[in-house]
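Residue 51 in my numbering sits at position 4 of the sequence shown; the count goes up by one each step and never skips.
We treat Cβ as the ideally placed atom computed from N, Cα and C, and that holds for glycine.
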Amino acid sequence: MKTLQILRSSQLRRTVLIAVIVGTLLTLVNEGGEMFLGVVTIGITLKIIFNYLTPLVVANLGWFFSQKGTSHD
């Protein structure tokens, strides 16, 4: 079951690392100005959350679809 393999610790560690790096860069570029000015609203907080969730989902989906046809099915 590929869906359960996403939760394997080695796979999850890689995708979380990708999400942390990419999410931090996206947050600094897109919301860094407001953050450094101290203007953090609910809207900005939601954007920051999505900055981290998006690469996490994309990395997991990329891995998931790359497994198609492998012996791990």
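C-beta contact flag for residue i and residue j at 8 Å
i, j, result
"N98", "L73", "yes"
"I96", "E78", "no"
"L103", "T62", "yes"
Own chain, CB closer than 7 Å to residue i, minus 5 neighbours either side, in chain order
i, result
"G80", "none"
Contacts around residue i, its chain only, beta-carbon distance under 8 Å, and the 5 residues preceding and following it disregarded
i, result
"I91", "E78, E81 and M82"
"I65", "P102, L103 and A106"
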